[in-house]
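One structure below.
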Ligand code: IMP
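Structure, rendered in structure tokens:
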């Protein structure tokens, strides 16, 4: 089997998280662990349809992967939406991070007084049979004037969650899990999953 962290598919109740991002995987794991939900990483490229709706992007990829790999899968699509930039980079966050990067975004925010932004994570769970479900989470905050901190990934060094004074990258994993869009979305999934599948 291609791209899997563990090749045995013994446990039918394992949820396979389709991602190539080790940080996203660890964050999901930390959130689902206390609910007794076991995930594994399915490290295959996910199909990304062109849409401004993160939920639609996650749903399409999840349904396709569930069908193709004949198992229950999770797909998460996320992005950073900056108010002063009319929601940019939003669904293009991954591309923008890979091209202009954190410094490029800070430059775009040069002179901007209003620095509000939010992260959104949209999560879809799909099985080969049955309808898919979607969950989402948002973390509200501001864009810092310069990058700070070394932990995490992506735009973590410039995002300060509301009510705090440090970036996600300065805060570490407990801090991230307390405020993050991903933790919110995965907790919603966990509550639904525990209720419907146990
Ligand atoms: P995708 O969900 O794989 O399309 O990637 C989303 C992109 O948004 C990532 O490559 C990051 O640049 C950014 N992003 C999403 N979530 C986070 C986060 O928790 N921290 C920092 N950047 C994030």
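Numbering (the numbering used here), first residue to last: 9 to 206. Even glycine gets a Cβ: it sits at the ideal position worked out from N, Cα and C.
Rounded to whole angstroms, the gap between the alpha carbons of residue 136 and residue 79 is 6 Å. Note that the C-beta distance between residue 185 and residue 177 is not below 7 Å. A direct Cα-Cα distance of roughly 45 Å separates residue 204 from residue 116. Going by beta carbons, residue 82 and residue 25 fall inside the 7 Å limit. Within the stretch 115-169, the complete beta strand (DSSP E) runs of at least 3 residues fall at 124-134, 141-151, 167-169. If you draw a straight line from the Cα of residue 154 to the Cα of residue 29, it comes to about 24 Å.
Residue nearest to residue 51 within the set 32, 94, 190, 110 is 32 (criterion: CA-CA distance). Taking one beta carbon from each stretch, the stretch 136-147 and the stretch 98-113 have fewer than 3 pairs nearer than 8 Å; the two do not touch. Remark: the shortest separation between the CB of residue 96 and any heavy atom of the ligand IMP does not fall under 6 Å. Contact check for residue 125 against residue 90 passes: the beta carbons are separated by less than 7 Å.
By the neighbour-count definition (other C-beta atoms within 10 Å, threshold 16), residue 57 is an exposed residue. The Cβ atoms of residue 46 and residue 22 lie closer than 7 Å to each other.
Judged by the Cβ position, residue 163 qualifies as a neighbour of the ligand IMP at the 6 Å threshold, a heavy atom of the ligand being closer than this.
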